[in-house]
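Engineer: Provided herewith is a single structure, encoded as structure tokens, for subsequent inquiry.
Protein chains in written order, with the numbering used here: chain A, 742 to 929; chain B, 742 to 929.
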């Protein structure tokens with residue numbers, strides 16, 4: 742019967758990212774995360790199934806967001822535009838979480854198992870986008886290629902955004918990456 | 742001091758694919774693979790580190806082949822053309838192994854751990870292609886996007902080739918997928 746804890750989830754996430762960065766993902770326990778956040782383990786498990794889910798829960802939300810944005814795009818929108826607009830929307834949200842995104846990426850880069858999980862997340866995302874495009878009446882081949890191209894753009898743009906020292910915003914980098922992909926596929 | 746066994750490697754691969762298909766990957770032992778191939782376990786381990794490597798050794802060869810083809814392309818060749826030509830070359834080799842490729846894919850599709858390994862292989866391949874393009878003087882962004890686009894095309898084309906009942910050849914499906922990617926990124 743614990744008291745209601747304002748923003749418990751956000752505090753747990755922050756504490757987890759700090760500890761993963763300081764000690765490594767493997768070496769951090771749920772008990773330590775809860776303690777750093779000033780909360781109980783029980784509260785942790787009300788929000789996350791395990792310490793890995795702290796890093797990947799956002800991916801589920803992202804998938805849902807992208808799929809709905811593609812479904813909601815006007816009928817006249819082309820598949821690639823619907824996909825890129827959805828990614829720009831997600832990019833705008835991530836922009837608000839730039840520091841956390843950086844912390845999270847550093848944790849993932851440092852751990853082979855987490856890097857694998859991230860690849861699986863991206864592959865799942867590509868399948869979900871292709872499904873959303875097919876439901877708009879896009880053919881199988883075009884849906885798969887558009888979804889894969891969208892994820893490729895997102896991946897490359899995200900890496901640039903995380904690493905770059907200049908302050909370009911993620912949605913802008915996504916748009917520029919699409920323009921670059923158009924140029925390279927055209928053979929220029 | 743075993744006798745020389747003609748095409749031991751090919752026989753081991755064939756036996757492994759049959760057994761993985763019949764019993765499942767997890768349930769098959771190296772002893773059974775060797776027995777089916779009419780060879781010893783010792784011979785198996787001279788060719789493969791473990792039973793998983795039977796499925797993934799080809800990927801190392803593929804990477805090497807693609808990286809060298811990109812390096813060897815004439816200076817005037819654009820990045821996307823160098824990449825697609827390399828993939829078509831690999832596709833022509835895989836075309837000779839269509840039945841084995843089908844068997845292999847069925848084994849991988851049936852096992853979550855193998856599917857993860859396959860995703861890692863593709864991500865590694867994308868990094869290797871981007872590296873080969875950078876060494877041709879292609880900028881970071883263009884190299885990453887071209888490599889990711891190439892892998893996306895290869896992945897989608899391979900899936901079609903494996904599944905399709907018609908007899909289109911893999912290099913042709915790769916070329917058609919590039920044309921389709923050009924059309925979708927142009928927003929058509």
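Virtual Cβ for every residue (Gly too), placed ideally from N, Cα, C.
Owing to the predicted nature of the structure, the values given are computational and were not obtained by experimental measurement.
Would you identify the three-state DSSP class for residue 820 of chain A, choosing helix, strand or coil?
Structural biologist: If you number the first chain from 1, residue 820 of chain A lands on position 79. DSSP places residue 820 of chain A in helix when its eight states are reduced to three.
Engineer: Work out the CA separation of residue 897 of chain B and residue 766 of chain A for me, nearest whole Å.
Structural biologist: Indexing the first chain from 1 puts residue 766 of chain A at position 25. Indexing the second chain from 1 puts residue 897 of chain B at position 156. So the alpha carbons of these two residues sit roughly 34 Å apart.
Engineer: For residue 883 of chain A, I'd like the list of residues in its chain whose CB is within less than 8 Å of its CB, leaving aside the five on either flank, ordered along the chain.
Structural biologist: The residue given as residue 883 of chain A occupies position 142 in the first chain. Hits under 8 Å: 820, 874.
Engineer: Measure the C-alpha to C-alpha separation of residue 899 of chain A and residue 915 of chain A and round it to an integer number of angstroms.
Structural biologist: To locate residue 899 of chain A, count along the first chain from 1; it is residue 158. To locate residue 915 of chain A, count along the first chain from 1; it is residue 174. Whole-angstrom Cα-Cα distance: 8 Å.
Engineer: Give a yes or no on whether 8 Å exceeds the smallest Cβ distance from residue 842 of chain A to chain B.
Structural biologist: Indexing the first chain from 1 puts residue 842 of chain A at position 101. No, residue 842 of chain A lies away from the interface with chain B (no Cβ there is under 8 Å from its Cβ).
Engineer: Apart from the five residues just before and just after residue 760 of chain A, which ones in its own chain have a Cβ nearer than 8 Å to its Cβ?
Structural biologist: Sequence index remark: in the first chain, residue 760 of chain A carries index 19 (1-based). Excluding positions up to five away in sequence, the list reads 769, 773, 774, 777.
Engineer: Identify whether residue 838 of chain A lies in helix, strand or coil by the three-state DSSP scheme.
Structural biologist: Here residue 838 of chain A refers to the residue found at position 97 when the first chain is read from its first residue. Three-state DSSP puts residue 838 of chain A in coil, outside helix and strand.
Engineer: So residue 815 of chain A contacts chain B; which residues on that side make the cut at Cβ distance below 8 Å?
Structural biologist: Working through the first chain from its first residue, we reach residue 815 of chain A at position 74. In chain order: nothing, as chain B lies at least about 14 Å away.
Engineer: What runs of the alpha helix (DSSP H), each 4 residues or longer, lie entirely inside the region 759-798 of chain A?
Structural biologist: Counting whole runs of 4 or more residues, the region 759-798 of chain A contains the alpha helix (DSSP H) stretches 771-778, 782-788.
Engineer: Leaving out the 5 sequence neighbours to the left and right, which residues in its chain are closer than 8 Å to residue 855 of chain A when beta-carbon positions are compared?
Structural biologist: Walking along the first chain from the start, residue 855 of chain A turns up at place 114. Answer for residue 855 of chain A: 766, 793, 796, 848, 849, listed in chain order.
Engineer: Quick check: residue 923 of chain A and residue 927 of chain B, are their CB atoms within less than 8 Å of each other?
Structural biologist: Position 182 of the first chain holds residue 923 of chain A. Position 186 of the second chain holds residue 927 of chain B. Cβ distance < 8 Å, so residue 923 of chain A and residue 927 of chain B count as in contact.
Engineer: Quick one: is the Cβ of residue 804 of chain A within less than 7 Å of any heavy atom of the ligand MN?
Structural biologist: No copy of the ligand MN occurs in the structure displayed, which carries no ligand at all.
Engineer: For residue 845 of chain A, does the count of other Cβ atoms within 10 angstroms reach 16, so buried, or fall short, so exposed?
Structural biologist: By one-based count along the first chain, residue 845 of chain A stands at place 104. Buried, by the Cβ-count rule.
Engineer: Taking only three categories from DSSP, how would you classify residue 872 of chain A?
Structural biologist: Residue mapping note: residue 872 of chain A aligns to position 131 of the first chain, counting from 1. Three-state result, residue 872 of chain A: helix.
Engineer: Work out the CA separation of residue 748 of chain A and residue 893 of chain A for me, nearest whole Å.
Structural biologist: Taking the first chain and counting its residues from 1, the one referred to as residue 893 of chain A is at position 152. Taking the first chain and counting its residues from 1, the one referred to as residue 748 of chain A is at position 7. Taking the straight line joining both Cα atoms gives about 34 Å.
Engineer: In whole angstroms, what is the alpha-carbon distance linking residue 903 of chain B and residue 909 of chain B?
Structural biologist: One-based indexing of the second chain puts residue 903 of chain B at position 162. One-based indexing of the second chain puts residue 909 of chain B at position 168. For residue 903 of chain B and residue 909 of chain B, the distance between alpha carbons rounds to 10 Å.
Engineer: Whose C-beta lies closer than 6 Å to the C-beta of residue 871 of chain A among residues of the same chain, with five residues either side of it excluded?
Structural biologist: As a working note, residue 871 of chain A is residue 130 in the first chain. Correct list, in chain order: 884, 885, 888.
Engineer: Using 8 Å for Cβ pairs, my map puts residue 833 of chain B next to residue 912 of chain B. What's the rounded Cβ distance?
Structural biologist: The count along the second chain starts at 1 and reaches residue 833 of chain B at position 92. The count along the second chain starts at 1 and reaches residue 912 of chain B at position 171. Right, the Cβ-Cβ distance comes to about 5 Å (below 8 Å), so this counts as a contact.
Engineer: Using the rule of at least 16 other Cβ atoms within 10 Å of the residue's Cβ for burial, across every protein chain shown, is residue 879 of chain A buried or exposed?
Structural biologist: Taking the first chain and counting its residues from 1, the one referred to as residue 879 of chain A is at position 138. Counting Cβ neighbours within 10 Å, residue 879 of chain A comes out buried, since at least 16 surround it.
Engineer: Looking at residue 866 of chain A and residue 860 of chain B, is the spacing between their C-beta atoms short of 8 Å?
Structural biologist: Here residue 860 of chain B corresponds to residue number 119 of the second chain, with the count starting at 1. Here residue 866 of chain A corresponds to residue number 125 of the first chain, with the count starting at 1. No, the pair does not count as a contact, with Cβ atoms beyond the cut-off.
Engineer: What residue does the alpha helix (DSSP H) around residue 891 of chain B start on, and which one ends it?
Structural biologist: Indexing the second chain from 1 puts residue 891 of chain B at position 150. Where residue 891 of chain B is concerned, the enclosing alpha helix (DSSP H) stretches over 881-904.
Engineer: Taking 8 Å as the CB-CB limit, is residue 927 of chain A close to chain B?
Structural biologist: Locating residue 927 of chain A in the first chain gives position 186, counting from the first residue. Yes, contact with chain B.
Engineer: If you draw a straight line from the C-alpha of residue 803 of chain A to the C-alpha of residue 829 of chain A, how long is it?
Structural biologist: As a working mapping, residue 803 of chain A is identified with position 62 in the first chain. As a working mapping, residue 829 of chain A is identified with position 88 in the first chain. If you take the alpha carbons of residue 803 of chain A and residue 829 of chain A, they lie about 12 Å apart.
Engineer: Just to make sure I have the definition right: I need the residues of chain A whose C-beta is within less than 7 Å of the C-beta of residue 911 of chain B. Which are they?
Structural biologist: Residue numbering aside, residue 911 of chain B sits at position 170 when the second chain is read from its first letter. Those do not exist, as residue 911 of chain B stays about 15 Å from chain A at its closest Cβ, beyond 7 Å.
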